[in-house]
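Contents: one structure, followed by commentary.
Number of protein chains: 2
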Amino acid sequence: MPLRFAEPAPEAYQFPLTIRHLLDSAMMTAPDQEIVYRDQSSYTYREFFGRIGRLASLLEGVGAEQGMTVAVMDWDSHRYLEAYFAVPMMGSVLMMVNVRLPPPQVAYTLNHARAEILLVHRDFFPLVEAILPSLPHVKAVIAIMDGTEGALPSYATGEYEALSAAASPDYPFEDFDENAVATTFYTTGTTGNPKGVTFTHRQLVLHTLVANGPGGGSKAAPGFGYGDVYMPLTPMFHVHAWGVPYIATMLGLKQVYPGRYEPDLLCRLATDHKVTYSHCVPTILQMIFQAADQTGKDLTGWKLTIGGSAMSKALCSEARRRGMEVLSGYGMSETCPMVSMARPDAGETDEDRIVAQLTTSGVTVPLVTAQIVDDAMNVLPRDGKARGELVLRAPWLTPCYTGDAKASETLWHGGWLHTQDIATIDPDGTITIRDRLKDVIKTGGEWIDSIHLEELVATAEGVAEASVVAIPDAKWGERPLAVVVPKPGATITLDALNAPVEAAIAEGAITRYARLERFEIVAQLPRTSVGKIDKKAMRASYAEAPQAAVA
Amino acid sequence: MPLRFAEPAPEAYQFPLTIRHLLDSAMMTAPDQEIVYRDQSSYTYREFFGRIGRLASLLEGVGAEQGMTVAVMDWDSHRYLEAYFAVPMMGSVLMMVNVRLPPPQVAYTLNHARAEILLVHRDFFPLVEAILPSLPHVKAVIAIMDGTEGALPSYATGEYEALSAAASPDYPFEDFDENAVATTFYTTGTTGNPKGVTFTHRQLVLHTLVANGPGGGSKAAPGFGYGDVYMPLTPMFHVHAWGVPYIATMLGLKQVYPGRYEPDLLCRLATDHKVTYSHCVPTILQMIFQAADQTGKDLTGWKLTIGGSAMSKALCSEARRRGMEVLSGYGMSETCPMVSMARPDAGETDEDRIVAQLTTSGVTVPLVTAQIVDDAMNVLPRDGKARGELVLRAPWLTPCYTGDAKASETLWHGGWLHTQDIATIDPDGTITIRDRLKDVIKTGGEWIDSIHLEELVATAEGVAEASVVAIPDAKWGERPLAVVVPKPGATITLDALNAPVEAAIAEGAITRYARLERFEIVAQLPRTSVGKIDKKAMRASYAEAPQAAVA
Chain B
1 MPLRFAEPAP EAYQFPLTIR HLLDSAMMTA PDQEIVYRDQ SSYTYREFFG
51 RIGRLASLLE GVGAEQGMTV AVMDWDSHRY LEAYFAVPMM GSVLMMVNVR
101 LPPPQVAYTL NHARAEILLV HRDFFPLVEA ILPSLPHVKA VIAIMDGTEG
151 ALPSYATGEY EALSAAASPD YPFEDFDENA VATTFYTTGT TGNPKGVTFT
201 HRQLVLHTLV ANGPGGGSKA APGFGYGDVY MPLTPMFHVH AWGVPYIATM
251 LGLKQVYPGR YEPDLLCRLA TDHKVTYSHC VPTILQMIFQ AADQTGKDLT
301 GWKLTIGGSA MSKALCSEAR RRGMEVLSGY GMSETCPMVS MARPDAGETD
351 EDRIVAQLTT SGVTVPLVTA QIVDDAMNVL PRDGKARGEL VLRAPWLTPC
401 YTGDAKASET LWHGGWLHTQ DIATIDPDGT ITIRDRLKDV IKTGGEWIDS
451 IHLEELVATA EGVAEASVVA IPDAKWGERP LAVVVPKPGA TITLDALNAP
501 VEAAIAEGAI TRYARLERFE IVAQLPRTSV GKIDKKAMRA SYAEAPQAAV
551 A
Chain X
1 MPLRFAEPAP EAYQFPLTIR HLLDSAMMTA PDQEIVYRDQ SSYTYREFFG
51 RIGRLASLLE GVGAEQGMTV AVMDWDSHRY LEAYFAVPMM GSVLMMVNVR
101 LPPPQVAYTL NHARAEILLV HRDFFPLVEA ILPSLPHVKA VIAIMDGTEG
151 ALPSYATGEY EALSAAASPD YPFEDFDENA VATTFYTTGT TGNPKGVTFT
201 HRQLVLHTLV ANGPGGGSKA APGFGYGDVY MPLTPMFHVH AWGVPYIATM
251 LGLKQVYPGR YEPDLLCRLA TDHKVTYSHC VPTILQMIFQ AADQTGKDLT
301 GWKLTIGGSA MSKALCSEAR RRGMEVLSGY GMSETCPMVS MARPDAGETD
351 EDRIVAQLTT SGVTVPLVTA QIVDDAMNVL PRDGKARGEL VLRAPWLTPC
401 YTGDAKASET LWHGGWLHTQ DIATIDPDGT ITIRDRLKDV IKTGGEWIDS
451 IHLEELVATA EGVAEASVVA IPDAKWGERP LAVVVPKPGA TITLDALNAP
501 VEAAIAEGAI TRYARLERFE IVAQLPRTSV GKIDKKAMRA SYAEAPQAAV
551 A
């Protein structure tokens, strides 16, 4: 027999999983709840809903249409949150611009995504000014003056608040195909240009529903839910700020958007608004510790999800000593991002074991299947010993790299998304990342292309051959280390190695985070059996101390 | 411009929202977790997954196909849970048979759903024996002997455990259209035969994800999550046991299935397995109190969601006094069922206000929109005063009453699902059910058709005219009250009124819960302005005490 299908009543409502519907219950239950921006302003959800309509109206006024890319360059703000909703809800595509990329790469990503409308915070006017001549598709730039009175740049179509105030809050949002693309952003890999990933309405709604899941049963890893006050500490241009702004809004929680991150202000906002939940990379957590020490901020009861790079056991213990409730998660740009979360055993009381559990990559959340495979896609055992590439299935994985058929095929080879991370999986499902296939350095939440960096270093005076690897760093997660074979008789200095790097930073060809602090001299670079430079061996040799899993 | 769609990589995995995928993370994370059946047996999830495969294999062996209805008549058991998964996962339709209906109505529902395979617990052999001659579609009956050794009935194809043991655990479950029907069951309304509702794979997955949502932030209404131990106290044939078996399995929780409800055993199981979460109608909660008093069971920390009918403030206070964490929810057969949940303000400390909040119908969960409307579908204000019919949109509402186009049209008139409940909505979204359009009496979780009952009463000796209304009852939620106009000079007795009711019970034409305990004599029945019998007025007159919202 064929599958059975119901015959819906003629007027039965067909419910699409579109981002618009994430607001359904918040509209009913949280009209008077507050959304705060820095120490500058706050408004109610009622006003927020109106401003979503206003943003859509003003964007339509400057030419936005369904299917068009609208790009945002802003710090974490209520405006960004408005764009998270308004842009996809009108059927356009929200592009979250990584403003930390070198300007030519920012331009590359805007052009590749065919961004036609830009929303730009005044801090990024110099960046936009520099690249605007190379952005042929852009037809409108909305300036975000952020409370200041200065003149608009000549290329600006108008100012966000002024245009918003003049626009109608009653934009006629409608239902449409849940498989339409809602968001796009770019991820920097080992080689070549940044790659575009996309997520559909359906994917983001499902991600929101699952990432909203429980944890409430475990004292060691309490849930995020009603009554919490949320402040993001992962930039909103990084993988949807891990999807949490969508969850917090769906739940109608009080939200605090901190603008540009300033450790003292973060602590003050956390205190003033009784923030209970945030998420960040380890580097930010360390900054919070420092700021708390300086300001006397009590961190007790602040729940933090840590991702982006490894949370060391020392960092985890320090956070717990200060009364914070931390746990680590694993995900990547290609995965929306949520894949797995640490989940301590409910009954566990041994602090060392709790910390050990909290600092793994955790276990998969609902609807996610993870496997480890060998090169031939054979599934390896979940015995805590076998190492293989971590591959994934979930409803919210990017279906491709935009416009890059070859990379897309590689990404989805064999019907599973390839993370390029090497992992073990315990019998209880705990995933531990052991190594990675791609040679990229994650520092303070930013990625440095090690191939590019070693090409630069190789041109430095006195260098015969060079390689760059990531080494664990207590503050930044990872930092680059140059491993150098000198020319005969040459003396290598850090300044000499950094000379070509500094030049590239000045040109905007590489991020300033690439500047080296450390190098090692060797007689020859280690090689694998097939003659490739053995980065894995170098990473092992030069890591300063054993570290927890790199998530 | 058209909406934008991505071009998926050729091998990108298209993830359907099918029930099979609810097992994805549990398979990774909970292989050694336990599922318990009464004080009889327990097994691991690993075995459970194998038994899902075995059940599918054995069903295929007796002729099950995609699209075919497989009906279950069992108490709450691990077997029922296996059927919750195996039947939909193989593309068949799981019918949850309401075994409390009168036998002719059970037969009606099985025939209407074209059930071809029955799984029947031995307690229901007499029922099946009585109706089997009137079930032309049935081609196989699997007997559930539940550990006893007796002979199989002659009509049985085989015994569940024996067939399961002989079947292969490796059934090749495959992905298919998420909009295929997964489950069906029947709801008894005011008039006519029971009506069939259906839910698709997509609907059940979405319901599971949302019902799995948080609450963890509120001390007064803690979440259900990892670390909890689950025991259903709503029958699994009632609206998917409110969907919780799907959630508990997705999360890989320890689960305890109590079989036929016996208050002492429920308390013992709760103690032995440290049950932390259940859900039930108020009547069951009262039974638990009694059993706890008799056995000395400490109820502290047991979280309970109450629905099906009103939780009175007195009952709520009593539960809290005993250390239970209770809250009420609202839903119905047509809604899968979750619509709304009580949600006390996180900061509320006043016990009276907490109890008042916990006993409303609460606020809508994510993706649900509720409105109150007048007869012309005009939306009424959410001011806590205006009363209108509660109408709903959500992704998991039944699209129709199976095979009943007229009732389906009425259900979905104007593009909203009509609950036939009259409600107010507060500005903060709190829904309070005030009355209802449909004249049905909910008693101990069962429904009595008041129209049918009053037709019976009207035939009693000495009765000129009669109406039957629901009145609140502390133990049963509601009980029927007959309002009677005697014939001139006639004396009315309870026995006389019950005589035709008893006859109908004996015939299986109406449930035994319809037997009357109370009646009122009036000179004439109250009428509305258009001459209809005013049941609303009678309910108001004869309610013994003011009650909280009837959910």
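Protein chains in written order, with full-length UniProt numbering: chain B, 1 to 551; chain X, 1 to 551.
Even glycine gets a Cβ: it sits at the ideal position worked out from N, Cα and C.
With respect to the 8 Å criterion, residue 74 (chain X) and residue 144 (chain X) are classified as neighbours on the basis of their beta carbons.
Per DSSP, residue 538 (chain X) is one residue of the alpha helix (DSSP H) stretching across 535-542.
Residue 501 (chain X) carries a helical assignment under DSSP once its states are collapsed to helix, strand and coil. Per DSSP, the beta bridge partners of residue 255 (chain B) are B:35, B:230. From the listed residues B:480, B:516, B:504, the smallest Cα separation to residue 497 (chain B) is found for B:516. With respect to the 8 Å criterion, residue 226 (chain B) and residue 343 (chain X) are classified as neighbours on the basis of their beta carbons. Residue 396 (chain X) and residue 21 (chain B) have their alpha carbons spaced roughly 13 Å apart. If you draw a straight line from the Cα of residue 242 (chain X) to the Cα of residue 301 (chain X), it comes to about 21 Å. The alpha-carbon separation between residue 460 (chain X) and residue 521 (chain X) amounts to approximately 14 Å.
At least one beta carbon of chain X lies nearer than 8 Å to the beta carbon of residue 2 (chain B). Spatial neighbours of residue 444 (chain X) in its own chain (CB-CB distance under 6 Å, excluding positions within 5 residues in sequence) are listed in chain order as 283, 476.
Taking the Cβ atoms as the reference, residue 370 (chain B) lies roughly 23 Å from residue 472 (chain B), outside the contact range of under 8 Å. For residue 300 (chain B), there is no enclosing alpha helix (DSSP H), as DSSP marks it with neither H nor E.
At a cut-off of 8 Å, the C-beta of residue 416 (chain B) has a neighbouring C-beta in chain X. Counting C-beta atoms within 10 angstroms of its own C-beta, residue 274 (chain X) has fewer than 16 neighbours from the protein chains shown and is therefore classed as exposed.
With contacts defined as CB atoms closer than 8 Å, residue 446 (chain B) and residue 418 (chain B) fail to qualify as a contacting pair. For residue 299 (chain B), there are no C-beta contacts with chain X under 8 Å, since the nearest C-beta of that chain is about 18 Å from it.
The region 74-84 of chain B makes contact with the region 112-127 of chain B: 3 or more CB pairs, one atom from each, lie closer than 8 Å.
Contact note: residue 24 (chain X) reaches chain B through 364, 366, 367, 368, 369, 393, 394, using a C-beta cutoff of 9 Å and chain order. Contact between residue 359 (chain B) and residue 328 (chain B) holds: CB atoms are separated by about 6 Å, below the 8 Å threshold. Here residue 164 (chain B) has 51, 54, 55, 58 as same chain residues with Cβ atoms under 8 Å from its own Cβ, once five neighbours each way along the sequence are excluded. DSSP places residue 28 (chain B) in the uninterrupted alpha helix (DSSP H) bounded by 24-29.
Residue 151 (chain X) sits in coil when the DSSP states are folded into three classes, being neither helix nor strand. Assignment of residue 449 (chain X) by DSSP, reduced to helix, strand and coil, places it in the strand class. Residue pairing from DSSP places residue 115 (chain X) in a beta bridge opposite X:69. For the pair residue 15 (chain X) and residue 398 (chain B), the Cα-to-Cα distance works out to about 12 Å. Secondary structure of residue 280 (chain X) (DSSP, three-state): strand. Taking 8 Å as the cut-off between beta carbons, the residues of the region 312-343 of chain B near chain X are 343, in sequence order. In the three-state reduction of the DSSP assignment, residue 260 (chain B) falls in the coil class, being assigned neither a helical nor a strand state. At a C-beta separation below 7 Å, residue 255 (chain X) has no neighbours in chain B, since its nearest C-beta there lies roughly 14 Å away. DSSP, read as helix, strand or coil, puts residue 354 (chain X) in helix. Residue 142 (chain X) places its beta carbon less than 8 Å from that of residue 160 (chain X). The contact set of residue 177 (chain X) on chain B, defined by CB atoms closer than 7 Å, consists of 3 in chain order. What residue 21 (chain X) touches in chain B, judged by beta-carbon distance under 7 Å, is 367, going in chain order.
Cβ neighbours of residue 316 (chain X) within its own chain (closer than 7 Å, five residues either side excluded): 326, 355, 358, 359. Beta-bridge pairing by DSSP links residue 186 (chain X) to X:196.
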